[in-house]
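>
Number of protein chains: 2
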Amino acid sequence: MVLTLYVDYVSQPARAVGILCKVTNTPFEEKTVSLVKGEHVQKPFSDVNPFKKIPAVKDGDLLILESCAAIRYLAAKYDGSGKWYPSDLAVRCKVDEYLDWQHANTRAHGVGIYFNKILLPAMKKTEPDMEVVSKHEKEMARVEEQFASYFLASKPFITGDSPTIADLVAAVELEQPKAAGYKLAKATEEFLARVRDEIGAELYDEMHGPVRALAKGGE
Amino acid sequence: MVLTLYVDYVSQPARAVGILCKVTNTPFEEKTVSLVKGEHVQKPFSDVNPFKKIPAVKDGDLLILESCAAIRYLAAKYDGSGKWYPSDLAVRCKVDEYLDWQHANTRAHGVGIYFNKILLPAMKKTEPDMEVVSKHEKEMARVEEQFASYFLASKPFITGDSPTIADLVAAVELEQPKAAGYKLAKATEEFLARVRDEIGAELYDEMHGPVRALAKGGE
Numbered sequence: 000m001v002l003t004l005y006v007d008y009v010s011q012p013a014r015a016v017g018i019l020c021k022v023t024n025t026p027f028e029e030k031t032v033s034l035v036k037g038e039h040v041q042k043p044f045s046d047v048n049p050f051k052k053i054p055a056v057k058d059g060d061l062l063i064l065e066s067c068a069a070i071r072y073l074a075a076k077y078d079g080s081g082k083w084y085p086s087d088l089a090v091r092c093k094v095d096e097y098l099d100w101q102h103a104n105t106r107a108h109g110v111g112i113y114f115n116k117i118l119l120p121a122m123k124k125t126e127p128d129m130e131v132v133s134k135h136e137k138e139m140a141r142v143e144e145q146f147a148s149y150f151l152a153s154k155p156f157i158t159g160d161s162p163t164i165a166d167l168v169a170a171v172e173l174e175q176p177k178a179a180g181y182k183l184a185k186a187t188e189e190f191l192a193r194v195r196d197e198i199g200a201e202l203y204d205e206m207h208g209p210v211r212a213l214a215k216g217g218e
Numbered sequence: 000m001v002l003t004l005y006v007d008y009v010s011q012p013a014r015a016v017g018i019l020c021k022v023t024n025t026p027f028e029e030k031t032v033s034l035v036k037g038e039h040v041q042k043p044f045s046d047v048n049p050f051k052k053i054p055a056v057k058d059g060d061l062l063i064l065e066s067c068a069a070i071r072y073l074a075a076k077y078d079g080s081g082k083w084y085p086s087d088l089a090v091r092c093k094v095d096e097y098l099d100w101q102h103a104n105t106r107a108h109g110v111g112i113y114f115n116k117i118l119l120p121a122m123k124k125t126e127p128d129m130e131v132v133s134k135h136e137k138e139m140a141r142v143e144e145q146f147a148s149y150f151l152a153s154k155p156f157i158t159g160d161s162p163t164i165a166d167l168v169a170a171v172e173l174e175q176p177k178a179a180g181y182k183l184a185k186a187t188e189e190f191l192a193r194v195r196d197e198i199g200a201e202l203y204d205e206m207h208g209p210v211r212a213l214a215k216g217g218e
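Chains A and B, in that order, give the protein sequences. Counted the way numbering that gives the first Met the number 0 counts, the first sequence spans residues 0 to 218. Counted the way numbering that gives the first Met the number 0 counts, the second sequence spans residues 0 to 218.
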């Protein structure tokens, strides 16, 4: 059974599945689908994922097109420690709660900042629409506040002393507006530092290299 | 241990958790939080859920503020049959894949239609902005097409012959634009009929009574 990840690590969810596989020593085949080159909207990838989004994950015959579903599955199947997606129902529920919440919160506004401040101006060769950017930045401040007060609530990680896939997904999404120059709150930065420590600084920085370079105008 | 659901069945995710508990004969205490009366943004409910959204679920000390996390948890804990959230990893992954996909698809555009066509005009005493409604209707047609071709792909339900929480969440969300007069595709209507049959027509229609009445201008 071959596990294949279709990824470009400038994408937050692609980083999340990639980091999970690396940190759990899960062997996988990596197929890079360049977002900058538009490979995600062309054949052969559009035959793999009709929704034309990355990451896509294939485990033998099983195709998974949603990153949170993929990361739950990969953790449940390949993480022998059980720590990344704990099987205790109440703990797992708190992991799921964050993964569901983040779609319209951390992700929506982190993407909103990065897309409108960096990607769209680069594609259109124009200045960013700062009114739109500022709307997302205001929402991002609210997201950070709720993340700290409700999800972390003084714990190091969402479910307690050990990080789970929820923290991993949170971290990769929070790094996106940061790469675009958004100033994260101190509590958020401290959370990111804890996740980086747990994953290992070398792997964490290597996986965030492409998005940081892209935000700076390199590739 | 008391299980409490804070609900108003005009809300799709509130219907999903309510139907799951009823269909699995899970005893619960029901606390109605009226959306029309704005009770979700006031005390005492805003002390239960700082995000001021329903449903909220409390199982003993465990508070769950996201409906998809709640429905996964309730099915895993209280459904003795195991059919609503199967434990087989590959099957469960397909349930999760739909639950993740629907946030920005079925839910976003179903809500878009219902909110802009029914709720906003009712609150503002104005005519609906049909340009906005029509944008969501166009996206809804795309959602229906992808739901049929990728998620159902000729199967009666998302994972095969038996419905899961993914089908339940899909059905309650698809009923929302339908209540607002959006004409669903034939394949979507046939899917809804299958879910209604499995849940039982009486319970299904009872739970959809409030949203249908609200859409018609009653309460």
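In this text, a Cβ means the ideal position worked out from N, Cα and C, and glycines have one as well. These numbers come from a predicted model, not from an experiment.
#1: Hey, Thr-163/A and Tyr-84/A: beta-carbon distance below 8 Å or not?
#2: So is Cys-20/B in contact with chain A if we call contact Cβ pairs under 8 Å?
#3: Using a beta-carbon distance below 8 Å, is Trp-100/A in contact with chain B?
#4: Mind the definition here: the region 69 to 76 of chain A touches the region 3 to 20 of chain A only if three or more C-beta pairs lie below 8 Å; say whether that holds.
#5: Label Glu-65/A either buried or exposed according to how many other C-beta atoms from any shown protein chain fall within 10 Å of its C-beta, with 16 as the threshold for buried.
#6: Thinking just about the alpha-carbon of each residue, which of Lys-134/A, Glu-126/A, Ala-121/A is nearest to the one in Gly-111/A?
#7: From Gln-41/A, Leu-61/A, Lys-123/A, pick the residue whose C-alpha is nearest to that of Lys-52/A; which is it?
#8: By the 10 Å Cβ neighbour count, where 16 or more other Cβ atoms means buried, how is Ala-192/A classified, buried or exposed?
#9: Put Val-6/A into one of helix, strand or coil per three-state DSSP.
#10: When you compare the CB of Glu-65/B with every CB in chain A, is at least one pair closer than 8 Å?
#11: Say whether chain A places a C-beta atom closer than 8 Å to the C-beta of Pro-162/B.
#12: Determine the chain A residues that contact Arg-195/B at a beta-carbon separation under 9 Å, and present them in chain order.
#13: For the ligand ZN, any of its heavy atoms closer than 7 Å to the Cβ of Tyr-181/B?
#14: Can you tell me whether Phe-156/B is helix, strand or coil according to DSSP?
#15: Taking the DSSP output, what are the residues bridged to Ile-164/B?
#16: Tell me whether the beta-carbon of Tyr-8/B lies closer than 8 Å to the beta-carbon of Arg-14/B.
#17: Taking the beta carbon of Asp-87/A as the centre, do at least 16 other beta carbons fall within 10 Å, making it buried, or is it exposed?
#18: To the nearest angstrom, how far is the alpha carbon of Tyr-181/A from that of Thr-31/B?
#19: How far does the beta strand (DSSP E) with Val-56/A in it reach, from first residue to last?
Working from what's here:
#1: yes
#2: For Cys-20/B, the answer is no, since every Cβ of chain A falls outside 8 Å of its Cβ.
#3: A Cβ of chain B is located within less than 8 Å of the beta carbon of Trp-100/A.
#4: yes
#5: The residue in question, Glu-65/A, is buried, as its Cβ has 16 or more Cβ neighbours within 10 Å.
#6: Lys-134/A
#7: Gln-41/A
#8: exposed
#9: strand
#10: So, interface residue.
#11: no
#12: Within chain A, no residue comes near Arg-195/B; the closest Cβ sits about 26 Å away, beyond 9 Å.
#13: Inclusion of the ligand ZN in the displayed structure is not the case, the ligand content being empty and no account of it being possible.
#14: strand
#15: None, per the DSSP bridge assignment.
#16: Inclusion of Tyr-8/B and Arg-14/B in the CB contact set at 8 Å is warranted, their separation being smaller than that value.
#17: Exposed, because fewer than 16 other Cβ atoms sit within 10 Å of the Cβ of Asp-87/A.
#18: Tyr-181/A and Thr-31/B have their alpha carbons spaced roughly 40 Å apart.
#19: 55 to 58
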